[in-house]
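Novice: The numbers in the sequence shown follow my numbering, run straight up by one, and end at 191.
Don't be surprised by glycine CBs; every beta carbon is placed ideally from N, CA and C.
Just so it is clear, the structure is predicted and the values come from calculations on it, not from any experiment.
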Amino acid sequence: MIKLLFTGVLLQVLCSFATQKVKTTLYYESLCPGCHEFIKDQLVPTWKNMSDYMLVELVPYGNAQRNYSGGHWHFKCQHGVLECEENLIHACAVDLLQSRETNKLLNFINCMVFHSDLELHKKTSWCIKNAEIPERKIIACVGGPKAESLILSMAEKTESVTPDWLGVPTVQINGVGF
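1) Does the beta-carbon of L39, which I'm using as the reference point, lie nearer than 8 Å to any heavy atom of the ligand MG?
2) Between which two residues does the alpha helix (DSSP H) harbouring N120 extend?
3) Give the straight-line distance between the Cα atoms of H85 and N187, rounded to the nearest whole angstrom.
4) Check whether the Cβ atoms of S43 and E114 lie closer than 9 Å to each other.
5) At what residues does the alpha helix (DSSP H) containing K53 begin and finish?
6) By how many angstroms is the C-alpha of K150 removed from the C-alpha of C97?
7) Relative to the alpha-carbon of L179, which residue among G75, M63, Y66 has its alpha-carbon at the smallest distance?
8) Hey, quick one: how far does the beta strand (DSSP E) through W86 stretch, first residue to last?
9) Does the distance from the C-beta atom of V35 to that of L71 stay below 9 Å?
10) With V72 as the anchor, note down where its beta strand (DSSP E) starts and where it stops.
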């Protein structure tokens, strides 16, 4: 049902904005089963069919919590430490690819989702190679000074969803939530 709604709304918006690309924003968690289902069954197939008409923004954070202490932000994710680590990997991929290479980004995220049963390091390495992403850039991002600010940015985007945060996955089409 959600798939029909998503596709229907997207088609309706596409028809009304024939000359503009439709911005689709997905707020999600890297280990959320419902998010995995949405990415595999709706977002990626829709992108494959309508990429000429879409801009995709991915926001990996979801229901995480944050607090500031000792001069740094600390994050606690709904599905534990591994989800926080994977959210960061996704955020680094988003930062590296979203504005220029959405196909590679979605191939990487879809691969991570598809191989969710694998150990994080193995899955990440495989999916980086599969999507043809420079592994050293992702590794540098995850272990570098930019990591904290990237996740903080994802937190702030998620917390700014209005009227109210409804959980994950949350989809916005041109800034309107569904």
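Specialist: So, from the listed chains and residues:
1) No copy of the ligand MG appears in this structure; indeed no ligand is present at all.
2) That run of the alpha helix (DSSP H) goes 115-127.
3) Distance from the CA atom of H85 to the CA atom of N187, rounded to whole angstroms, is 33 Å.
4) In this structure, S43 keeps its C-beta atom at 9 Å or more from the C-beta atom of E114.
5) Premise fails: K53 is in no alpha helix (DSSP H) and is neither H nor E.
6) For C97 and K150, the distance between alpha carbons rounds to 19 Å.
7) Per the Cα distances, G75.
8) Counting along the chain, the beta strand (DSSP E) containing W86 begins and ends at 85-89.
9) No, they are not a contact pair.
10) Going by DSSP, V72 is part of the beta strand (DSSP E) stretching over 67-73.
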